[in-house]
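Data block below; observations after.
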Amino acid sequence: MIQRGEPLHSCLNGHLRFMKNVAPAIFPPNGIGDTKPTNQAVLDWVHEIGKLTKPENIFWCDGSERENEFLIAESLKQNVLIKLDEKKVPRSYLHRSNPNDVARVEKVTFICTPTKEEAGPTNNWSEPAETYSKLYGLLNGAMRGRTMFVVPYIMGPPDSPLTKVGFEITDSKYVVLSMRIMTRMGKIALDRLGNDPKAEWNRGVHSLLDVDPQRRFICHFPQDNTIISVGSGYGGNVLLSKKCLALRIGSYLARKQGWMAEHMLILGVESPQGKKHYVAAAFPSACGKTNFAMLIPPAHFKGWKVTTVGDDIAWMEIRDGRLFAVNPENGYFGVVPGTSYKSNPNAMKSIEHDTLYTNVALTDDGDVWWEGKDGPPPTHAIDWRGNDWTPDSKEKAAHPNSRFATPMRNNPALDPNVEKGEGVPISAIIFGGRRSDTVPLVYEAFDWTHGVYLGATMASETTAAAAGTVGKVRRDPMAMLPFCGYNIGDYFRHWIDIGKRLTSPPLIFNVNWFRKGANGKFLWPGFGENMRVLKWILDRCEQNGGAVKSPVGWLPTAHDLDLGGLDIDHTRVADLLGIDHEEWQKELAAHKTFFDSLGGVVPKELQEQREQLVARFKE
Ligand code: GTP
Ligand code: SPV
Ligand code: MN
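Oh and the sequence shown: position 480 is 536 in my numbering, straight run, nothing missing.
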């Protein structure tokens with residue numbers, strides 16, 4: 057708990073070394089922090105949480121410019137943020153989270169449905185009444201001496217039928233400032249909610265407590281449309297709009313209401329002739345969604361244009377027998393390391409200004425730096441922990457899961473239909489993961505149900521986006537393993553059922569940018585060059601791309617991929633597209649082990665798909 061009179065910051069060589077997450081109350085002038093909602097249900101809930109957490113005061117956010125300026129000024133005073141050099145990165149700030157708190161923590165993430173079966177075999181479950189009582193115990197007096205912020209927000213374009221209202225209570229200014237970037241925040245949500253005390257809205261409660269990993273829990277109560285997150289100040293654990301609402305609660309609501317909430321980017325791609333398609337792609341955390349969503353085609357694809365609708369989450373519904381997608385978010389919370397003008401110029405342009413950085417390095421001239429940024433490393437910097445850093449240091453300057461939060465309007469390649477309430481029609485769904493071996497660069501499912509099987513059995517090497525081992529292959533169905541808010545068997549069933557309702561279903565593909573050669577290096581150049589794979593996918597959608605039938609699906613030959621202008625030899629392409637039967641025998645066994653581990657919830661259609669796949673390998 058914060059002690060009154062504690063020094064606000066310590067200094068090291070003139071640099072702010074320690075940063076705060078937990079900070080004492082702030083006292084806004086009249087006209088700031090006093091936009092109370094009028095909906096009685098919201099007022100009652102805030103009153104209840106206030107009585108429990110006992111804050112010094114309550115700050116009602118309205119999302120205004122003035123409010124933002126005030127919160128930034130207070131955050132700088134309290135050392136929650138560092139201002140970056142105004143010329144180098146205008147209106148941008150650095151935040152450092154506690155070193156024990158740098159990624160999502162899946163082992164303390166819970167789905168609190170009335171029964172364990174509803175949460176299913178892939179989720180941590182805990183009983184709702186017991187969990188409420190444990191969390192209320194932790195929240196009791198937790199905001200003493202602090203300000204409690206009430207953040208109203210909407211997820212989805214303002215005029216979309218899918219759009220949801222949420223309220224997040226938090227004692228973190230970093231969370232408020234991030235929510236302002238990541239969602240449509242403030243008055244817009246109060247207006248949309250209106251005064252109906254029975255209206256649907258999400259209740260989110262977040263408290264940093266004392267940022268102790270032992271007292272860190274991220275709990276979801278789908279039946280109550282409620283989220284309670286304590287003990288963390290980091291990203292997906294605390295920006296409750298994102299993984300918690302848009303995916304975990306979202307997926308639960310989506311099944312109930314007949315739509316889909318998916319961990320997918322959405323991009324538009326237009327040919328030189330002006331023909332446009334939209335595709336959605338599910339890759340696990342830190343496996344390339346933001347990069348793919350912002351792809352710039354190589355010179356060979358003159359006249360082709362890729363635009364971004366979303367980089368992380370897609371909400372999709374059926375209209376006229378087709379799937380239409382909206383991006384519920386309003387900003388990008390992206391992986392920083394590896395981002396450069398070479399790998400992702402659109403991301404670089406997006407984060408040149410008005411950006412909130414977390415856990416990157418600070419240079420002596422007030423700029424930000426990270427591993428993989430263009431140009432030489434600085435000769436000296438302050439690393440993500442606040443320590444001195446030089447190129448000789450053994451530690452990384454930026455944390456591997458350091459992030460930027462930037463409004464999507466900063467993206468030069470933003471799709472013109474991003475605000476369209478009805479969403480964009482999806483021609484193809486792409487699954488993909490990080491696989492050093494076995495999985496070819498791209499292949500196409502034979503039909504929808506086979507495509508669902510590709511999603512259900514996809515796997516990926518784990519990354520720094522979640523706490524735990526990095527580089528271990530794990531099954532991550534539809535990239536939703538950490539985000540599906542209900543029983544995975546019912547989720548697979550929902551996917552199959554959606555297919556039955558579609559008269560023009562998207563084609564389904566699987567990609568792997570990460571296959572490695574014998575030398576341990578990536579075989580595929582990736583990034584902008586992924587356009588070549590995207591082009592084949594579009595050709596298939598337009599029924600004019602060549603392919604050969606393989607046991608795993610339709611595979612392009614080297615001839616079917618447009619590799620013009622790319623310096624790549626034929627053996628390498630063969631290695632990228634090859635199906636190694638020995639590797640695939642192991643893969644098939646892993647599919648079976650995975651399905652078996654789910655304890656009988658896998659729909660029979662997918663079990664049949666597995667048997668057919670095994671049979672095709674014997675043909
Ligand atoms: P989340 O925000 O965690 O959901 O991640 P994401 O799926 O949006 O991943 P992102 O695009 O941020 O990429 C994660 C990492 O993968 C970065 O370090 C990228 O540089 C790297 N990466 C992205 N695309 C490619 C690619 O085509 N090839 C290779 N080799 N690396 C890539
Ligand atoms: C992910 O892990 O998939 C992310 C980052 O997009 S976080 O918001 O922290 O979940
Ligand atoms: Mn993500």
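For every residue, glycine included, the Cβ atom is placed at its ideal position computed from N, Cα and C.
Contact between the stretch 543 to 556 and the stretch 508 to 524 is present, with at least three C-beta pairs closer than 8 Å.
For Thr411, no alpha helix (DSSP H) run applies, since DSSP gives it neither H nor E. Counting only residues whose CB is nearer than 5 Å to a non-hydrogen atom of the ligand MN, the list in chain order is Ser341, Asp368.
Nearest in C-alpha terms to Asn467, of all of Asp141, Asp439, Asn402, Ala79, is Asn402. As the crow flies, the alpha-carbon of Val392 is around 12 Å from that of Asp430. Three or more pairs of CB atoms, one per stretch, sit closer than 8 Å, so the stretch 552 to 571 contacts the stretch 357 to 377.
Taken through DSSP and simplified to helix, strand or coil, Ile114 comes out as strand.
Taking 7 Å as the cut-off, the C-beta of Ala521 counts as close to a heavy atom of the ligand SPV.
Asp439 has its alpha-carbon roughly 7 Å from the corresponding atom of Lys452.
Taking a contact to require three or more Cβ pairs closer than 8 Å, the stretch 264 to 278 and the stretch 204 to 214 do not qualify as touching. As a beta-bridge residue in DSSP terms, Asp90 pairs with Trp116. Asn386 carries a coil assignment under DSSP once its states are collapsed to helix, strand and coil. Annotated as proximal: Gly541 and Arg304, with beta-carbon spacing under 8 Å.
Note: Trp181 is bridge-paired with Ile167 in the DSSP secondary-structure output. If you ignore the 5 residues before and after Pro607, its C-beta comes within less than 8 Å of the C-beta of Ile635, Trp640, Leu669, Arg672, Phe673, Glu675, all in its own chain and listed in chain order.
Here the distance from the Cβ of Arg530 to the nearest heavy atom of the ligand SPV is not below 7 Å.
In this structure, Pro146 is the residue among Asn86, Leu140, Val136, Pro146 with its C-alpha nearest to the C-alpha of His409. Counting only runs of at least 3 residues, the stretch 269 to 356 fully encloses the following beta strand (DSSP E) elements, listed from N- to C-terminal order: 273 to 277, 282 to 286, 316 to 318, 321 to 326, 332 to 338.
Scanning its chain for C-beta atoms nearer than 6 Å, with the 5 sequence neighbours on each side dropped, one finds around Thr411 the residues Ser148, Phe460, Thr462, in chain order. Close CB contacts of Ser483 within its chain, under the 8 Å cut and outside five residues either way in sequence, are with His333, Tyr334, Val335, Pro562, Leu563, Leu594, Cys597 (chain order).
Val495 and Asn566 do touch by the CB rule: their CB atoms are close to 7 Å apart, below 8 Å. If you check the CB distance, Asp448 and Lys572 do not come in under 8 Å. Going by beta carbons, Trp425 and Thr419 fall inside the 8 Å limit. Taking 8 Å as the cut-off, the Cβ atoms of Gly479 and Phe339 do not count as close. The Cβ atoms of Ala302 and Glu385 lie closer than 8 Å to each other. For Cys117, the closest C-alpha among the options Pro328, Val231, Ala454 is that of Val231. For Phe460, the enclosing beta strand (DSSP E) begins and ends at 459 to 463. At least one heavy atom of the ligand SPV is found less than 7 Å from the C-beta of Phe389. Scanning the stretch 553 to 605 for uninterrupted beta strand (DSSP E) segments of 3 residues or longer gives 563 to 567, listed from N- to C-terminal end.
Two segments are said to touch when three or more pairs of C-beta atoms, one from each, lie closer than 8 Å; by this definition the stretch 273 to 284 does not touch the stretch 232 to 239.
His103 is classed as exposed because its beta carbon has fewer than 16 other beta carbons within 10 Å across all chains shown. Contact check between the stretch 124 to 132 and the stretch 241 to 251: fewer than three CB pairs, one atom from each, fall below 8 Å, which does not count as touching.
When beta bridges are read from the DSSP output, Asp444 appears opposite Ile438. According to the DSSP secondary-structure assignment, Met204 is paired through a beta bridge with Ile114. Closest by C-alpha distance to Ile624, out of Trp580, Thr203, Ala454, is Trp580. For Ala671, the three-state secondary structure derived from DSSP is helix.
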